[in-house]
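Below you'll find the structure, written out as structure tokens, and then a few comments.
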Amino acid sequence: LLVKSWYSQYHLRELLDSTPRMLERHYTFYNLFKRLQGSQAWQAWAADCYFGVIGILLNALPAIEFEDGLSAAQNTFMGVMDMFQQNNQTEKANWTLPMEPLSLQFPFFLGLRPNGCHGSKLKVFVYETGSFSSGSLFCSAGQWGVEVAIHRYFSSSACRTSDPNEADFFLVPDYRACHYHLAPTYQQKGLTRLEGDDYHSALIRNHKDKYRKGDEADVTFRKLLAQLPHLKDKQGMDHIFVFSDQGFIVNFTHTFPSWRDEIPHAVFMTTEGFTPGCGPSCFSPWKDFAIPGHIDPERMAAIRNYSLPSNERTLLFNFHGRLPVNHGYYENVTVRRRLLDFADLPNVSVGGFIEEYFEVMGMSHFCIVPEGTSSWTNHLYESFFAGCIPIIISDRFVLPFQEVIPWNEVSIRWPQEELGLELYAYISDLVQNHAPVVAEMKRKVDEAACWFDFYRFEEPCSPYAAILKTLEQRKAAFPRYLYPEWWLPVRLGA
């Protein structure tokens, strides 16, 4: 029953209420796999319940990668694909499962999908960072998955070079946000804890070694830097670090306080230009650039499924998510408190989380994208897949890919301090009296959604294409005289 219940959801991670519990699920299958593998029952199981064995392997894959390494996970995945070639009669056996992840995200995140690097001539050296980039499959889900996506794209791309002397850039893979979120809380609800231990899982092997501790953040990051032999060659200005949560903040913990001393010239790809607790100094538009958060392909497809034509939309705007009334972290977030003033107005939908959220987005002309505990939010990128024109109410939100996306044509930016009923009046007038303008903005929103789809590996409209364009600009703007150690007009004795 366990195998059957999770069989069709092998590719979905965010089904439980905490990151450690999500990983426990995969270790449940990993531990079952190891027990069967070490017994004579394995062959009997495969003969008696062929697709049940496939279900165990697919659900165990993230744990296999953590425990046995990427190569073992790759071999297991290819073994599963061989099993499907021998017998793919899943419906006949009443073991139906989604096949698209087996040709899309699984090969990509396991490093089995090469790409042409969008024809770029850049050369990128990708460091092997060991445990700092362990857990590609597990850490690929949700907005933090951008850390994995960028790593896997460049490590499998035609841009990759193994020669540091010809590299234009050095990418430093680091699944920082995922590993911090794997930390358990005291007597965490639902976690199968070790006997006598108020924190760690009994199912996740060596759980204490799988996550990072907030109070050791700076020491941990320095250990990563110690693995980068070419960091000092050009004072770090050709090294790329990806920050996916709130800039340098994960779980409200500054992940690298001493960055100004160690990597002040490095390139930061970040979802947030204004880091809470660090301010604007953590982001330099001359070298750093904003990137979108990752959205799972199933979520993108589900959102798109509810997107209605402009003339069939009945709601002016919507927002559903964290508010002061449903989450303690947001008690002092003024923008989100003011949103509650719209809740009882006609033709809007504002409130906490709802099951029909995708449907509401798809029937709204506009989606409100407010500041939260930080300046950025993935609500912005989700609105594009709903064909819902974003109203950005976050003054410090640094928008990504400004070289290729005409943001003034696909969004409205409303000042935070002026959030009030004037917005409702403006949007009402826009929808009622300027319908062609709204329809044209919606068309452009639909057209621009491809810039936020991290599964467009070769298409011209792709986040990777935008990233490469920006890196090419950064390379062209490198200062010439920042890093040479010395030169002489004549070498004496030559």
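In the numbering used here, each number is its position in the sequence shown, counted from 1, plus 19. No residue lacks a Cβ here, since even glycine has one placed at the ideal position from N, Cα and C.
Query	Result
Give me the Cα-Cα distance between Leu507 and Pro304, rounded to the nearest whole angstrom.	35 Å
I need the straight-line Cα distance from Phe262 to Arg224, nearest angstrom please.	27 Å
For the beta strand (DSSP E) that contains Ser383, what are its first and last residues?	Ser383 to Pro389
Can you tell me whether DSSP reads Ala496 as helix, strand or coil?	coil
Per DSSP, which residues does Met288 bridge with? Please list them.	Val261 and Phe308
Let's see if you can read the secondary structure: which residues bound the alpha helix (DSSP H) around Val457?	Ala454 to Ala467
Can you name the start and end residues of the beta strand (DSSP E) that Asn370 belongs to?	It is Gly, not Asn, that sits at residue 370 in the sequence shown. It spans Val367 to Gly370 - the beta strand (DSSP E) in which Gly370 sits, taken as one unbroken run.
Would you say His313 and Ala168 are within 8 Å of each other, going by their C-beta atoms?	yes
Grab me the residues of Phe302's own chain with a C-beta within less than 6 Å of its C-beta, minus the 5 sequence neighbours each way, in chain order.	Gly292
Can you tell me which residues form a DSSP beta bridge with Asn337?	Ser368 and Cys386
Contact check, Asp187 vs Val143 under 8 Å by CB: the rounded distance?	7 Å
Could you check where the beta strand (DSSP E) with Ile410 kicks off and where it finishes?	Ile408 to Ile412
How long is the line joining the alpha carbons of Arg279 and Asp228, rounded to whole angstroms?	28 Å
Suppose you measure from the CA of Leu76 to the CA of Asp257; what does that come to, to the nearest Å?	40 Å
Suppose you measure from the CA of Glu428 to the CA of Asp315; what does that come to, to the nearest Å?	26 Å
So, is Pro39 buried or exposed, given that buried needs 16 or more other C-beta atoms within 10 angstroms?	buried
Let's test the definition: count the other Cβ atoms within 10 Å of the Cβ of Arg499 and tell me whether it reaches 16, buried, or not, exposed.	exposed
Straight-line CA distance for Arg415 to Gly296?	14 Å
Straight-line CA distance for Ile83 to Phe48?	10 Å
Would you mind reading off the limits of the alpha helix (DSSP H) that contains Phe403?	His398 to Phe404
Where does Arg332 sit, in a helix, a strand or coil, going by DSSP?	coil
Work out the CA separation of Ala458 and Tyr445 for me, nearest whole Å.	16 Å
With distances taken from CA atoms, which of Gly74, Glu185, Ser139 and Tyr205 is nearest Ser13?	Nothing in the structure corresponds to residue 13, since the chain is present only between 20 and 513.
Let me check understanding here. Comparing Cα to Cα, which of Leu418, Ile412, Ser413 and His384 lies closest to Phe404?	His384
According to the neighbour-count rule (16 or more other Cβ atoms, all chains shown, within 10 Å of its Cβ), is Ser300 buried or exposed?	exposed
Scan the segment 84-156 and note each continuous alpha helix (DSSP H) run of 4 residues or more that stays entirely inside, going in chain order.	89-105, 119-122 and 124-128
Compare the beta carbon distance of Glu390 and Gln435 with 8 Å and say whether it is the shorter of the two.	yes
Give the single residue among Leu141, Ser150 and Met380 whose Cα lies nearest to the Cα of Leu335.	Met380
Looking at the unbroken alpha helix (DSSP H) that takes in Phe52, where does it start and where does it end?	Thr38 to Gln56
Under a Cβ-count criterion, where at least 16 other Cβ atoms within 10 Å of its own Cβ denotes burial, should Gly57 be classed as buried or exposed?	exposed
Out of curiosity, what's the CA-to-CA distance linking Ala66 and His284?	58 Å
Please return the same chain residues whose Cβ sits closer than 7 Å to the Cβ of Phe420, not counting the five positions on each side in sequence.	Trp470 and Ala485
Check whether the segment 360-371 touches the segment 338-350, counting contact only when three or more Cβ pairs, one atom from each stretch, lie closer than 8 Å.	yes
What's the C-alpha gap between Glu478 and Gly71?	36 Å
Opposite Ile268 in the DSSP bridges: which residues?	Gln265 and His273
If we ignore side chains and look at the alpha-carbon of each, how far apart do Asn330 and His398 end up?	23 Å
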